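K.L.:
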Amino acid sequence: MKKILTNIINGILKRLFLKKQQQSTFELISWWTEKILKHEDDSVIKQRKFKSFVINYIRPYELLHTYREIFEKEIYRFNSNKTSPLIIDCGANIGLSVLYFKNIFPNAKVICFEPDNNNFRLLEKNIADNNLNDIGIRKEAVWIQNGFISFESKGSEASKINESGEDSLSQIPCIDFMEVLKNHAEIDFLKMDIEGAEHSVIKHCSAHLHKIKNMFIEYHGKVSETNKLIELLTIFHENHFQVYIKNAADNLSMPFIQKESGHWADVQLNIFCYKND
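In UniProt numbering, the protein residues as written are 1 to 277.
#1: Identify which residue in Ser43, Pro60, Glu260 and Asn117 has its Cα closest to the Cα of Ile29.
#2: Find the nearest neighbour of Ile245 within the set Phe216, Asp266, Trp264 and Glu114, judged by alpha-carbon distance.
#3: Which residues in the same chain as Gln21 place their Cβ atom closer than 6 Å to its Cβ, once the five residues preceding and following it in sequence are excluded?
#4: Scan the UniProt domain "Methyltransferase FkbM" (89 to 240) and note each continuous beta strand (DSSP E) run of 3 residues or more that stays entirely inside, going in chain order.
#5: Nearest CA to the CA of Gly262: which residue from Ile271, Asn251 and Phe272?
#6: Considering Cα atoms alone, identify which of Lys35, Trp32 and Glu69 is closest to Thr25.
#7: Assign Lys73 to one of three DSSP states: helix, strand, or coil.
#8: Short of 6 Å in beta carbon distance, which residues of its chain neighbour Asn186, apart from the five on each side in sequence? Order them along the chain.
#9: Which residue comes first and which comes last in the beta strand (DSSP E) that contains Phe272?
#10: Starting from Ile257 and walking both ways along the alpha helix (DSSP H), at which residues does that stretch end?
#11: How is Ile245 classed by DSSP in three states: helix, strand or coil?
#12: Assuming contact is defined by CB atoms lying nearer than 7 Å, are Glu218 and Asp193 in contact in what I supplied?
#13: Touch check for the stretch 119 to 126 and the stretch 225 to 242: three-plus C-beta pairs under 8 Å?
#14: Count the other C-beta atoms from every protein chain shown that fall within 10 angstroms of the C-beta of Trp32, then say buried if there are 16 or more, exposed otherwise.
#15: Is Arg68 helix, strand or coil when you go by DSSP?
#16: Going by alpha carbons, who is nearest to Ser52 out of Asn126, Lys139 and Leu232?
#17: Output the boundary residues of the alpha helix (DSSP H) element that contains Ile36.
#18: In three-state terms, what does DSSP make of His263?
#19: Round the Cβ separation of Ala128 and Cys174 to the nearest angstrom and send it over; I've been treating them as touching at under 8 Å.
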């Protein structure tokens with residue numbers, strides 16, 4: 001019992017210390033809130049109130065992880081001299097990124113894509129409940145052509161395009177993302193988290209990437225397909241982006257022994273692309 005109490009006290013003190021050290025624009029998730037979230041049900045819609053907004057969600061562990069990345073670490077923070085920057089959000093999920101963008105740039109124009117039914121409903125609700133405007137939401141998958149494509153709908157951050165053609169997969173509308181880019185002379189920020197489709201889409205749209213000032217790509221790939229990562233980095237270089245890369249998930253604790261994870265994506269990277277002002 002003494003050890004348990006000691007661990008609890010140490011956890012509280014650590015969280016309080018980190019809170020003081022970390023300079024964040026947004027409310028931090030407290031140690032106590034974290035414990036509550038970790039024990040919540042993950043099958044029904046819930047709502048949590050923060051100082052500047054409310055968030056409707058189903059999966060508490062996804063909320064915890066994503067909130068910390070977006071609002072505490074502010075990985076999407078960028079500078080703009082515009083009052084109404086254009087932001088395109090591919091893979092908006094339940095809308096935490098949209099909430100963030102509209103908080104740092106209240107007059108921003110945001111176009112977001114989210115093909116998963118359950119995620120889309122929560123995205124709509126989060127936009128409505130926070131009275132956000134000038135947001136275009138499209139229930140389509142970002143892809144390399146218009147039409148329909150096979151999709152694994154999981155109602156979570158793991159929903160993704162699947163080109164296997166299995167009969168059990170649902171068919172959803174998809175859009176040629178190059179057409180979206182063609183409609184804009186300049187894009188201030190592009191966020192792309194489309195669970196493995198990013199290589200095909202970026203390669204397809206490479207001739208229009210020069211219009212983008214800041215770009216975040218979450219890369220998903222196999223170790224055996226390192227050529228795809230090299231190809232993406234080459235495209236970024238050719239479009240005069242500077243690139244910073246962070247590990248998004250450590251799937252191989254002993255890479256020289258394991259070689260591959262057995263997961264559909266061994267490698268998960270956060271790729272930050274930007275140009276000098």
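For glycine and all other residues, C-beta sits at the position ideal for the given N, C-alpha and C. For clarity, every value in this text was computed on a predicted model and none was experimentally measured.
P.N.:
Concretely, from the data shown:
#1: Pro60
#2: Phe216
#3: Because the pLDDT of Gln21 is 45, which lies under 50, any placement of that residue in the model is unreliable, and the question is left without a value.
#4: 109 to 113, 135 to 138, 141 to 143, 147 to 152, 170 to 176, 189 to 192 and 214 to 221
#5: Asn251
#6: Glu69
#7: coil
#8: Note that residue 186 is Glu in the sequence shown here, rather than Asn. Around Glu186: Lys211.
#9: Val267 to Tyr274
#10: Pro255 to Gln258
#11: strand
#12: yes
#13: no
#14: exposed
#15: helix
#16: Asn126
#17: Trp31 to Lys38
#18: coil
#19: Their Cβ separation, rounded to whole angstroms, is 25 Å, which puts Ala128 and Cys174 out of contact at 8 Å.
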